[in-house]
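Everything in the sequence shown is counted per this note's numbering, starting at 324 for the first residue and increasing by one.
C-beta atoms are modelled at their ideal positions from N, C-alpha and C, and glycine is treated no differently.
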Amino acid sequence: MAEAVIIGDRRKFLSALVTLDAEAAARFQKERNLFGPPESSEEIRAEIQSAVDLVNAEMARVEQIKRFTILPRELSIAEGELTPTLKVKRNVVTAHFEAEIEAMYADS
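Spelled out as structure tokens, the structure:
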């Protein structure tokens with residue numbers, strides 16, 4: 324996992340947009356003989372779920388991440404999602420990935 328942006332403002336629960344470190348994802352897929360886009364890999368999703376579960380175990384119920392979406396690319400300065408000092412511009416990320424965010428809350 325490269326980055327995670329937590330979503331939850333005026334929502335019923337917390338969710339996260341997650342990006343993958345391209346090199347780590349490629350290495351993981353190669354070691355396990357996996358093919359296809361890493362963001363669609365069930366094995367990678369399971370690994371991230373394990374990490375989320377570890378973090379959630381240390382958090383109060385209202386602080387736990389209930390759902391996450393793996394984005395197809397890392398956040399970038401060029402797309403306006405990060406500042407030059409690599410701080411996340413939440414409003415831009417939320418706008419760029421609105422469909423992904425809404426999908427996490429669609430059936431709740």
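Less than 8 Å between the CB atoms is what I'm expecting for R350 and E366, so what's the real figure, rounded? On the sequence shown, position 27 is the one that residue 350 refers to. On the sequence shown, position 43 is the one that residue 366 refers to. Not quite, the Cβ-Cβ distance comes to about 13 Å (not below 8 Å), so this is no contact.
Is it buried or exposed for I329, if we count other Cβ within 10 angstroms and need 16 for buried? As a position in the sequence shown, residue 329 is number 6, starting the count at 1. So I329 ends up on the exposed side.
Exposed unless 16 or more other CB atoms sit within 10 angstroms - verdict on V378: Reading the sequence shown from its first residue, position 55 is the one you call residue 378. Residue environment analysis places V378 among the exposed positions, since fewer than 16 neighbouring C-beta atoms fall within 10 angstroms of its C-beta.
Along the chain, where does the alpha helix (DSSP H) that runs through R413 open and close? Translated into the one-based positions of the sequence shown, residue 413 becomes position 90. Here the alpha helix (DSSP H) through R413 covers R413 to H419.
Are the beta-carbon atoms belonging to I371 and M324 less than 8 Å from one another? Counting from 1 along the sequence shown, the entry for residue 371 is found at position 48. Counting from 1 along the sequence shown, the entry for residue 324 is found at position 1. A contact, by the Cβ cut-off of 8 Å.
Rounded to whole angstroms, what's the CA-CA distance from E386 to G359? Just pull it up for me. On the sequence shown, residue 386 is found 63 positions in, with the first residue counted as 1. On the sequence shown, residue 359 is found 36 positions in, with the first residue counted as 1. For E386 and G359, the gap between their C-alpha atoms comes out near 33 Å.
Start and end of the alpha helix (DSSP H) containing V385? Your numbering for residue 385 matches position 62 in the sequence shown. No alpha helix (DSSP H) holds V385; DSSP gives it neither H nor E.
Under the three-state reduction of DSSP, which class applies to E425: helix, strand or coil? Along the sequence shown, one-based indexing puts residue 425 at 102. Helix.
Can you give me the C-alpha to C-alpha distance between A429 and S363, rounded to a whole angstrom? The residue labelled residue 429 in the question sits at position 106 within the sequence shown. The residue labelled residue 363 in the question sits at position 40 within the sequence shown. One C-alpha to the other measures close to 19 Å.
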